[in-house]
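Working notes, beginning with the structure itself.
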Amino acid sequence: MLEFISEAVPEHTISIIGIAGLLFASFTSLFSVVNPLAAMPLFLSLTDRFSEKERIQTAKKATFYMFGILITFLLIGTYILSFFGISLAGIRIAGGLIIMRAAYSMLNPETGGKKLTDEDTAAAMEKEDVSFSPLALPLLSGPGSIAVVIGFATQATNPGDYLINAASIVLVVIITYGILRLAPFSARYIGPAGLNVMTRLMGFIALAISVQFILSGISRYFGIGVIGV
0 MLEFISEAVP EHTISIIGIA GLLFASFTSL FSVVNPLAAM PLFLSLTDRF
50 SEKERIQTAK KATFYMFGIL ITFLLIGTYI LSFFGISLAG IRIAGGLIIM
100 RAAYSMLNPE TGGKKLTDED TAAAMEKEDV SFSPLALPLL SGPGSIAVVI
150 GFATQATNPG DYLINAASIV LVVIITYGIL RLAPFSARYI GPAGLNVMTR
200 LMGFIALAIS VQFILSGISR YFGIGVIGV
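Residue numbers (numbering that gives the first Met the number 0): 0 to 228.
Structure, rendered in structure tokens:
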């Protein structure tokens with residue numbers, strides 16, 4: 000079947016399909032773990048005392064820092080692993096476990112852990128600038144997001160893969176900025192119930208990604224073939 004498709008469809012079309020598929024896969028993986036929709040309530044809480052102009056500026060700075068953090072780990076993530084002698088299999092399994100914990104929190108918002116403790120939130124309320132901490136780190140680009148990006152880096156085989164993964168980061172950052180900027184409006188219409196449904200959906204996708212990461216690490220470590228890895 001694949002041979003028939005490769006003969007019937009022009010090579011450049013197959014290439015475009017492959018690029019689009021990788022972009023979609025990397026985008027959905029990162030977006031589901033970042034889950035900017037779940038960040039809306041805390042963003043509104045932390046910027047409640049800000050003017051509209053200050054809130055927009057905070058959203059810009061937070062997403063700019065988020066972009067810088069994720070791009071940095073995309074570019075140097077594999078070098079960090081090499082420096083500490085961490086195998087690709089090890090980072091994929093560890094990353095999968097981190098993402099799985101985040102996914103559990105999204106699937107069980109009532110009992111799951113929070114990205115920020117109550118003490119961290121209280122401390123942040125007293126800060127003049129919350130764009131870097133706690134918004135960019137750890138809320139928008141925490142351990143789960145960083146694990147996904149390093150996973151991208153370990154699977155990249157050429158500069159084109161890095162460009163596609165960087166493009167997915169840019170897309171997630173732009174959408175995150177839009178969500179934060181429209182947070183006061185969106186929160187009124189989505190409501191707690193709608194936000195809860197979306198968070199659980201993102202959690203399910205993140206859980207599937209975490210399992211795939213773990214299977215990929217096991218497959219690489221033991222040199223066995225796993226379907227879809």
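A virtual CB, placed ideally from N, CA and C, is assigned to each residue, including glycine. Keep in mind the model is a prediction, meaning the values are calculated, not measured.
8 Å Cβ cutoff met for residue i and residue j
i       : j       : result
Asn-164 : Ser-25  : yes
Ile-98  : Val-147 : yes
Phe-66  : Val-172 : yes
Distance between residue j and residue i (C-alpha atoms, nearest Å)
i       : j       : result
Asn-157 : Gly-20  : 16 Å
Ile-178 : Ile-85  : 36 Å
Thr-175 : Leu-139 : 9 Å
Ser-167 : Ile-70  : 10 Å
Thr-57  : Asp-160 : 31 Å
Val-169 : Phe-63  : 10 Å
Leu-214 : Pro-108 : 26 Å
Ile-55  : Thr-46  : 10 Å
Phe-49  : Val-32  : 28 Å
Ala-152 : Phe-72  : 8 Å
Pro-133 : Ala-122 : 10 Å
Glu-53  : Gly-216 : 44 Å
Thr-127 : Ala-182 : Strictly speaking, residue 127 in this sequence is Glu, with Thr absent from that position. In a straight line, the C-alpha of Glu-127 is about 20 Å away from that of Ala-182.
Contacts around residue i, its chain only, beta-carbon distance under 7 Å, and the 5 residues preceding and following it disregarded
i       : result
Gly-150 : Arg-91, Gly-94, Phe-212
Nearest neighbour of residue i, chosen from the options [CA to CA]
i       : options                            : result
Tyr-103 : Gly-190, Ile-189, Arg-187, Thr-198 : Thr-198
Ala-205 : Ile-16, Leu-96, Gly-89             : Leu-96
DSSP state of residue i mapped onto helix, strand, coil
i       : result
Thr-46  : coil
Gly-67  : helix
Lys-126 : coil
Ser-28  : helix
Leu-181 : coil
Thr-156 : coil
Pro-40  : helix
Beta-carbon proximity list for residue i, same chain, < 6 Å, skipping 5 on both sides
i      : result
Lys-60 : Ser-130
Min CB distance residue i to chain D below 8 Å
i       : result
Leu-181 : The structure shown contains no chain D; it is built from a single protein chain.
Residues near residue i by beta carbon distance below 8 Å, same chain, minus five either side
i       : result
Ile-226 : Low local confidence applies: a pLDDT of 49 at Ile-226 is under 50, so the model's placement there is unreliable, and no value is given.
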